[in-house]
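Below is one structure; the comments refer to it alone.
There are 2 protein chains.
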Amino acid sequence: MRIVVARCQVDYAGRLTAHLPPATRVLMLKADGSVLIHSDGGSYKPLNWMSPPCTVREGVNDDGVAEWVVTAKATSQGEPDTLRILLEEVLHDSTHDLGIDPGLRKDGVEKHLQELLAEHPATLADGLTLVRREFPTAIGPVDLMCRDAAGVSVAVEIKRRGEIDGVEQLTRYLELLNRDPALTRKGPVQGIFAAQAIRPQARTLAEDRGITCAVVDYDALRGMDDPTDRLF
Amino acid sequence: MRIVVARCQVDYAGRLTAHLPPATRVLMLKADGSVLIHSDGGSYKPLNWMSPPCTVREGVNDDGVAEWVVTAKATSQGEPDTLRILLEEVLHDSTHDLGIDPGLRKDGVEKHLQELLAEHPATLADGLTLVRREFPTAIGPVDLMCRDAAGVSVAVEIKRRGEIDGVEQLTRYLELLNRDPALTRKGPVQGIFAAQAIRPQARTLAEDRGITCAVVDYDALRGMDDPTDRLF
DNA sequence: CTTTACATTTCGCGA
DNA sequence: TCGCGAAGTGTAAAG
Chain Y
1 MRIVVARCQV DYAGRLTAHL PPATRVLMLK ADGSVLIHSD GGSYKPLNWM SPPCTVREGV
61 NDDGVAEWVV TAKATSQGEP DTLRILLEEV LHDSTHDLGI DPGLRKDGVE KHLQELLAEH
121 PATLADGLTL VRREFPTAIG PVDLMCRDAA GVSVAVEIKR RGEIDGVEQL TRYLELLNRD
181 PALTRKGPVQ GIFAAQAIRP QARTLAEDRG ITCAVVDYDA LRGMDDPTDR LF
Chain U
1 MRIVVARCQV DYAGRLTAHL PPATRVLMLK ADGSVLIHSD GGSYKPLNWM SPPCTVREGV
61 NDDGVAEWVV TAKATSQGEP DTLRILLEEV LHDSTHDLGI DPGLRKDGVE KHLQELLAEH
121 PATLADGLTL VRREFPTAIG PVDLMCRDAA GVSVAVEIKR RGEIDGVEQL TRYLELLNRD
181 PALTRKGPVQ GIFAAQAIRP QARTLAEDRG ITCAVVDYDA LRGMDDPTDR LF
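Line by line, the protein sequences are chains Y and U.
Under the UniProt record's numbering, the first sequence is numbered contiguously, ending at residue 232.
Under the UniProt record's numbering, the second sequence is numbered contiguously, ending at residue 232.
Structural data, given as structure tokens:
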């Protein structure tokens with residue numbers, strides 16, 4: 001990993017065209033050849049970058065100013081991604097051996113929530129039993145397809161955070177599922193919108209459409225399943 | 001902007017829980033308090049980060065090891081985002097004044113394509129004229145609403161790359177628009193799916209639904225509109 | 001291998 | 001401010 005702080009200007013041409021006027025920025029050159037250009041704000045997204053695999057060629061332009069030309073392998077559309085960095089003044093330049101990173105261990109994402117609810121569907125509604133996870137439909141898989149105590153089909157959409165688009169998604173599923181005679185034998189397919197937190201607007205929309213909202217306690221669910229300790 | 005290279009381990013708790021085992025990484029502390037933790041690979045996305053606004057508290061843990069605790073303002077759901085960085089060995093530590101960045105100038109994205117096509121709708125179909133851009137509907141704005149030579153309404157969906165989801169989006173718009181008597185007076189609303197490149201699957205689906213596909217030559221369009229030179 | 005859906009998405013526009 | 005859709009999206013799982 002090489003870190004350079006420099007006054008520079010940057011031109012990018014590839015899927016789009018972009019330009020950065022002269023200013024002082026931080027350049028990161030990673031071991032795989034990728035380049036990141038960061039300013040002192042924004043978010044984790046760099047102002048400009050080049051994704052690996054790519055190659056950096058260091059040179060000097062006609063005016064004697066240091067210039068880096070970063071080129072990526074040709075894209076499918078034949079657009080040659082190119083990043084040109086003109087280094088007008090280098091304020092810092094250091095290289096560090098980082099080694100291979102062991103990587104991030106994640107927990108608490110939607111997939112895990114779906115697994116837990118698949119194992120404990122009754123926490124969503126009394127008497128609910130699982131028919132299958134990722135129930136396939138023409139417009140995508142329904143997270144959980146269940147059946148209630150009366151044998152009525154229940155489609156469950158799971159989100160980490162319950163927002164309007166999730167309700168829309170479940171609505172589309174329900175519309176489609178309710179055209180299937182095999183699923184509607186005991187009555188129309190019901191919907192449950194499950195999330196760790198449901199925004200008021202999403203709840204209003206869901207309930208207006210006859211969809212039940214279920215707030216899920218992730219920690220409690222995990223406790224039922226596998227009482228491992230939290231990280232800290 | 002402060003840059004630290006250190007052997008460290010990281011724990012994040014907030015919207016999810018995550019852990020980074022001990023390894024050497026690059027830490028960037030930006031002027032707004034945000035923190036980025038980069039490894040020597042991957043992409044421009046850090047292994048872990050904290051978005052602004054947040055505050056960094058430097059301290060020492062019970063074992064005498066330097067520890068940074070980064071806390072974000074409480075989220076709407078009351079989840080306290082916290083990042084704990086244990087600095088086992090600092091290999092580099094430098095601070096740089098970057099100033100305010102003038103920002104990125106972009107060109108060539110979908111918005112610009114939409115502007116160009118709004119000015120030259122006839123490139124999509126002979127005799128096509130613009131009614132309005134971002135034509136509002138209950139499920140979102142239609143990119144371009146036009147009328148053909150016969151007065152029939154034509155909805156245009158514009159994408160940089162034409163894929164199936166774009167066809168689905170246009171289909172939903174057409175379904176809705178065709179319920180409006182004011183738009184269907186001269187016949188059903190027609191659809192045009194416009195993109196710089198359209199994938200075979202998307203083309204097949206579109207044509208199967210009676211939607212016309214139009215491949216747009218961005219450079220030619222830009223030439224018609226404003227013959228400025230490319231950056232390089 | 002392609003295709004699909006998620007992301008601690010972030011970012012930008014419009015109402 | 002909120003809501004919605006795009007992104008040079010990246011990424012991981014599934015078919």
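Each residue gets a CB set at the ideal place from its N, CA and C atoms; glycine is no exception.
Being a predicted model, the structure only gives us computed values, none of them experimental.
Beta-carbon gap between residue i and residue j smaller than 9 Å
i: E110 of chain U; j: R185 of chain U; result: no
i: V90 of chain Y; j: G33 of chain Y; result: no
i: I3 of chain U; j: H112 of chain U; result: no
i: I158 of chain U; j: A202 of chain U; result: no
i: C54 of chain U; j: A72 of chain U; result: yes
i: V152 of chain U; j: Q190 of chain U; result: yes
i: T171 of chain U; j: R147 of chain U; result: no
i: V142 of chain Y; j: Y173 of chain Y; result: yes
i: A150 of chain Y; j: G187 of chain Y; result: yes
i: G162 of chain Y; j: P52 of chain U; result: no
i: R132 of chain Y; j: Q114 of chain Y; result: no
i: N48 of chain Y; j: L20 of chain Y; result: yes
i: D81 of chain Y; j: R15 of chain Y; result: yes
i: A23 of chain U; j: D97 of chain Y; result: no
i: Q9 of chain Y; j: I85 of chain Y; result: yes
i: S94 of chain Y; j: S43 of chain U; result: no
i: A18 of chain Y; j: Y12 of chain Y; result: yes
C-beta neighbour in chain U for residue i, strict 9 Å
i: D107 of chain Y; result: yes
i: D165 of chain Y; result: no
i: D97 of chain Y; result: yes
i: D208 of chain Y; result: no
i: D62 of chain Y; result: no
i: R179 of chain Y; result: no
i: P80 of chain Y; result: no
i: P52 of chain Y; result: yes
i: W68 of chain Y; result: no
i: D202 of chain Y; result: One point to set straight first is that residue 202 of chain Y is Ala, not Asp, in the sequence displayed. No, no contact with chain U.
i: L36 of chain Y; result: yes
i: I139 of chain Y; result: yes
CB-CB length for residue i against residue j, believed under 8 Å
i: L87 of chain Y; j: E67 of chain Y; result: 7 Å
i: M1 of chain Y; j: M28 of chain Y; result: 7 Å
i: V167 of chain Y; j: L124 of chain Y; result: V167 of chain Y to L124 of chain Y, Cβ: 16 Å. No contact.
i: residue 251 of chain Y; j: R57 of chain Y; result: Past the edges of chain Y, shown from 1 to 232, lies residue 251 of chain Y, and the structure says nothing about it.
i: F193 of chain Y; j: A206 of chain Y; result: 5 Å
9 Å Cβ cutoff, residue i in contact with chain Y
i: K45 of chain U; result: yes
i: E119 of chain U; result: no
i: G42 of chain U; result: yes
i: R57 of chain U; result: no
i: Q77 of chain U; result: Because the pLDDT of Q77 of chain U is 48, which lies under 50, any placement of that residue in the model is unreliable, and the question is left without a value.
i: L231 of chain U; result: Since pLDDT at L231 of chain U reaches only 41, below the 50 mark, its modelled position is unreliable, and no value is offered.
i: R133 of chain U; result: no
i: Q169 of chain U; result: no
i: R15 of chain U; result: yes
i: R185 of chain U; result: no
i: M224 of chain U; result: no
Chain U contact residues for residue i, given Cβ-Cβ distances below 8 Å
i: V26 of chain Y; result: M1, I3, M28, H96, L98
i: L221 of chain Y; result: Ordered by position in chain U, no residue passes the 8 Å Cβ test against L221 of chain Y, which lies about 14 Å from the chain.
i: A214 of chain Y; result: By Cβ distance, chain U contributes nothing, its closest Cβ being about 16 Å from A214 of chain Y, past 8 Å.
Chain Y residues whose Cβ lies nearer than 8 Å to that of residue i
i: L104 of chain U; result: A18, H19, L20, L47, N48
i: L174 of chain U; result: Per Cβ cutoff of 8 Å: no residues; L174 of chain U is ~16 Å from chain Y at best.
Contact list for residue i against chain U, beta-carbon separation under 7 Å
i: L91 of chain Y; result: H96
i: S39 of chain Y; result: L98, D101
Where residue i meets chain U, residues with beta-carbon distance less than 9 Å
i: A125 of chain Y; result: Ordered by position in chain U, no residue passes the 9 Å Cβ test against A125 of chain Y, which lies about 23 Å from the chain.
i: D148 of chain Y; result: Here the premise fails: no neighbours, minimum Cβ distance about 29 Å.
i: A31 of chain Y; result: D40, G41
Within chain Y, partners of residue i - CB distance below 7 Å
i: A23 of chain U; result: G99, D101, P102
- Message: Can you confirm whether the segment 204–222 of chain Y touches the segment 111–128 of chain Y when touching is taken to mean that 3 or more C-beta pairs between the two stretches lie within less than 8 Å?
- Response: yes
- When the Cβ atoms of the segment 100–108 of chain Y are set against those of the segment 132–150 of chain Y, are three or more pairs found closer than 8 Å? no
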